[in-house]
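Numbering (full-length UniProt numbering), first residue to last: 11 to 862. The structure appears below as structure tokens.
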Ligand code: B3K
Ligand code: ZN
């Protein structure tokens, strides 16, 4: 495979100011006629290189006449235009949407046609440079059978339409120049939820959410999220929408969450459809967050796009940061921060510590689809957040205003963004730029130093080696901290922002009669790992008294982690300190159930493993269940009291109601861990009586861990009730793949043979196999059956859908973190994958890098 290097970037010799596309639509066969108006920018003649993927060119025309000076170079088309400086180049292609199982380019889903072009899918529709620094105005004409494709949509505005026999046609024009990855087309039998939004300058924008008949009643939450996002971007960033129409289409077969095509977002149904009967609170929040994310891309991504794919985090990191803050504003900021940090630790820290580690601006890639990672997205968002923290809100806004104004209509770089922050925010970010260059999660080692009553904090910073980067320099970062006297004297160091830059740094804390409790990395101000030895009593004190809710959460989590890691490593942990701290936190449940529910949750098995030198999945499962049972027993009456109250009505989506439901789910899990006889019946009662999916799924998931009669009964009822609703059926697969039962590997194997299971639908694949590989003790079953299951899946899926297949590989790449026997089996599976003939570039890159 060919490796592409960031340093090799060179501007293209040609630009394409205008493109006209004509589609003769068919599910089996679609004909595409493309006319590219090309203009030479290079001084000397240069051939025009048009990328293709699976296309053949029957004929090329230049300025209306047949042209013979072209050749194929592999799958690409090279047109020699002699010394011309401008021309209209026409090529016709024929594509087969129904057999496009990769779901890239133009494909069929449930008899409708839709597109996915990011990153390099446009070249599967027509020949084109297909790189983000080529911006064009598009005119798109489509013709198709009226009955099959009553609705015809593309980017921009519909400027003309008409009928011809059984066919009809539409002409769409997008006035905004855009890169090919933002092109979109949809044709099918769809219904719309229509609404509108009046922008800050008083323009009325027509909004449409298009779905299959029968789904329209479940689009209200997405519509509200869209309107809220539009208002938020005006208020917080001063960014107004720039077309008279904004359409969203939901499709069931989609490789990822959604896509920000200009004026025509295309979504996985999972992030559009929601009602209380079928969607959990987590699903509702997912809809709100993803609708906002794609909408925010209109400025951070579309109006200002990326020069090349190495700059991907320019749009993704920034847009995740924007959607995180939006969701925080719509709900509870501390709870949102806890969720974001939990996700970062679950998905990004392991990536940064493993063979696939890469900086947020990578230096090279083989297949760009492999770089839509938690590092680019979530660590990328943390890097933006740190700049926002260093600058403060006003200067950060100056920086973003400068960035948007200066680069509007351009394909920009990460460097452009940092420079705008520097100039707008009046700050030197020279050292900060290392965050774009260096991979790996920095570690801060902290020690307290004392000189009489004067205390200070010594901080050492180290950035671990990652593939290709053995030596690292220290990073600049904002570290928020505070210190409290635990003796009741009231002495404190109030919230302080320290800018770290050196490998070693001393921070004065002030005068304390005895060792103060240190609240550090408050609000998770820097995406780092903090090593700091603290007594259980100190952590418990902070969990109860720290004035920063995130820091209270962290203190309790650290206390739990220390206890669990000790136990899983054969030492004894301080169970009683954990129980007392949970009890203390639980006492605040009435005031803030959402926060309390997050805080009293035990750390995940994977996160416990991340703290160990060698991960022992069986010991972790055993000790985590034991601690859960101990907390369950000790606080039994409290958990029962939580469940005895009435559940908030499922239609109430306030933070408080969501928090109340979350806490009930947590309480049920703690009670179930006690193993008491009445719990299955209690859970079944909640399952049957639930007025919404949050309670129903929580009860089902709890039952799924056990082996009661109620388990089988509930799974059966759930299946019968929702077998025709694909998104809910995904949950049925998922709760079984999440199960803590010892036979989960076999259960997943059997479920893969279920008539409702299919490799053709990425949501279904993720609901079974994605959930399974996140089930640590099951995936790492000692006989290697879990590894085999995932490798078999990758091998079977790769020929159909390489992008989704490649996403399943990273868990197999964590072999260095496990014992030798497991490590050898994981490597053997990676080697077995690599030995398959005809493997995709996606899977080849991920599997070979994972072995290194
Ligand atoms: N930009 C798209 C992701 C495209 C992924 C292509 N493999 C969705 C998003 O981040 O908003
Ligand atoms: Zn995005």
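C-beta: ideal position from N, C-alpha, C; glycine also. Small disclaimer: the values here were computed from a predicted structure and weren't measured.
Strand pairing of residue i, partner residues [DSSP]
{"i": "residue 104", "result": "41"}
{"i": "residue 465", "result": "460 and 520"}
{"i": "residue 502", "result": "494"}
{"i": "residue 278", "result": "261"}
{"i": "residue 207", "result": "215"}
{"i": "residue 47", "result": "28 and 98"}
{"i": "residue 86", "result": "83"}
{"i": "residue 147", "result": "28"}
{"i": "residue 346", "result": "Its beta-bridge partners do not exist; DSSP assigns none."}
{"i": "residue 181", "result": "151 and 170"}
Cα-Cα separation between residue i and residue j, rounded to whole angstroms
{"i": "residue 473", "j": "residue 564", "result": "22 angstroms"}
{"i": "residue 618", "j": "residue 764", "result": "33 angstroms"}
{"i": "residue 76", "j": "residue 55", "result": "20 angstroms"}
{"i": "residue 651", "j": "residue 596", "result": "11 angstroms"}
{"i": "residue 409", "j": "residue 838", "result": "50 angstroms"}
{"i": "residue 62", "j": "residue 630", "result": "49 angstroms"}
{"i": "residue 471", "j": "residue 452", "result": "7 angstroms"}
{"i": "residue 249", "j": "residue 407", "result": "11 angstroms"}
{"i": "residue 724", "j": "residue 671", "result": "19 angstroms"}
{"i": "residue 520", "j": "residue 441", "result": "29 angstroms"}
{"i": "residue 530", "j": "residue 558", "result": "10 angstroms"}
{"i": "residue 361", "j": "residue 385", "result": "7 angstroms"}
{"i": "residue 665", "j": "residue 533", "result": "19 angstroms"}
{"i": "residue 222", "j": "residue 183", "result": "25 angstroms"}
Proximity winner among the options, relative to residue i (alpha-carbon distances)
{"i": "residue 791", "options": "546, 181, 627 and 237", "result": "627"}
{"i": "residue 345", "options": "163, 314, 607 and 512", "result": "607"}
{"i": "residue 785", "options": "776, 802, 749 and 620", "result": "749"}
{"i": "residue 523", "options": "574, 174, 73 and 463", "result": "463"}
{"i": "residue 745", "options": "782, 731 and 768", "result": "782"}
{"i": "residue 246", "options": "277, 405 and 180", "result": "405"}
{"i": "residue 509", "options": "437, 817 and 40", "result": "437"}
{"i": "residue 575", "options": "502, 586, 600 and 625", "result": "625"}
{"i": "residue 602", "options": "537, 584, 668 and 637", "result": "668"}
{"i": "residue 127", "options": "612, 275, 214 and 51", "result": "275"}
{"i": "residue 313", "options": "287, 256, 280 and 252", "result": "252"}
{"i": "residue 64", "options": "822, 356 and 133", "result": "133"}
{"i": "residue 38", "options": "17, 694, 118 and 57", "result": "118"}
{"i": "residue 810", "options": "233, 848, 158 and 58", "result": "848"}
{"i": "residue 359", "options": "834, 851 and 824", "result": "824"}
{"i": "residue 241", "options": "264, 267, 212 and 225", "result": "212"}
Exposure label - residue i; buried when at least 16 CB within 10 Å
{"i": "residue 761", "result": "buried"}
{"i": "residue 435", "result": "buried"}
{"i": "residue 332", "result": "buried"}
{"i": "residue 15", "result": "exposed"}
{"i": "residue 84", "result": "exposed"}
{"i": "residue 656", "result": "exposed"}
{"i": "residue 51", "result": "exposed"}
{"i": "residue 567", "result": "buried"}
{"i": "residue 840", "result": "buried"}
{"i": "residue 270", "result": "buried"}
The ligand ZN heavy atom lying under 7 angstroms from the CB of residue i
{"i": "residue 303", "result": "yes"}
{"i": "residue 270", "result": "yes"}
{"i": "residue 502", "result": "no"}
{"i": "residue 307", "result": "yes"}
{"i": "residue 864", "result": "Examination of residue 864 is not possible in this model, given that the chain is present from 11 through 862 alone."}
{"i": "residue 385", "result": "no"}
{"i": "residue 329", "result": "yes"}
Residue i beta carbon near the ligand B3K (any heavy atom closer than 7 angstroms)
{"i": "residue 382", "result": "yes"}
{"i": "residue 112", "result": "no"}
{"i": "residue 267", "result": "yes"}
{"i": "residue 164", "result": "no"}
{"i": "residue 235", "result": "no"}
{"i": "residue 358", "result": "no"}
{"i": "residue 377", "result": "no"}
{"i": "residue 128", "result": "yes"}
{"i": "residue 813", "result": "yes"}
Proximity test, residue i beta-carbon vs the ligand FAD heavy atom, cut-off 7 angstroms
{"i": "residue 40", "result": "As far as ligands go, the structure on display features the ligand B3K and the ligand ZN and does not contain the ligand FAD."}
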